[in-house]
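S.K.:
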Amino acid sequence: MTAKENMKIHCKPTLFIMLALLSAGAVAAQQSTVSPSIIALPTVGSAWPQYGFSLSHSSFNYLEHSLTRANVSGLTWQWAGEVGTDAASAPVVGQGLVFVAADGMIFAF
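Just so you know, our numbering puts 91 at position 91 of the sequence shown, and the rest follows in order with no gaps.
(1) For Phe107, I'd like the list of residues in its chain whose CB is within less than 6 Å of its CB, leaving aside the five on either flank, ordered along the chain.
(2) Using a Cβ-Cβ cutoff of less than 7 Å, which residues in the same chain neighbour Phe60 once the five nearest sequence positions on both sides are dropped?
(3) Taking only three categories from DSSP, how would you classify Val44?
(4) How would you write the range of the beta strand (DSSP E) that Phe99 sits in, first residue to last?
(5) Report the three-state DSSP secondary structure of Gly81 (helix, strand or coil).
(6) Suppose the cutoff is 6 Å on Cβ atoms and the five residues either side in sequence are ignored; what does the same chain contact list for Ser89 look like?
(7) List the DSSP bridge partners of Ala108.
(8) Can you tell me the Cα-Cα spacing of Leu63 and Ala47, whole angstroms?
(9) Which value, in whole angstroms, describes the spacing of the CA atoms of Val92 and Gln50?
(10) Which two residues bound the contiguous beta strand (DSSP E) that contains Gly94?
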């Protein structure tokens, strides 16, 4: 028996086992159920839970009622910060801070 023939004999069972395991995992994944609380949208107040506010990234907060045409001109800057020129992602807000990844670093404001 040549080395090539020996390899074919050993590869077939291994390939079969790998395909069987992958198929079993795919079937198990399809049969698993997700509870509605996991897939339900979070309750959103005036906070923006993600970039662009919603899953559609519309940047429109339909729950915002405190800003009007009459008072929007009174808005002022509260703070500003500089980050690098190569922003890697959208800002993330948590624990009262804004985190921005840019130029291989993470900035916190």
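Each residue gets a CB set at the ideal place from its N, CA and C atoms; glycine is no exception.
M.R.: To lay it out plainly:
(1) Val83 and Val100
(2) Phe53
(3) Legend: pLDDT at Val44 = 49, less than 50; position of this residue unreliable, value from coordinates given subsequently. Residue state, collapsed to three classes: coil.
(4) Leu97 to Ala102
(5) coil
(6) Ala101
(7) Phe99
(8) 9 Å
(9) 8 Å
(10) Val92 to Gly94
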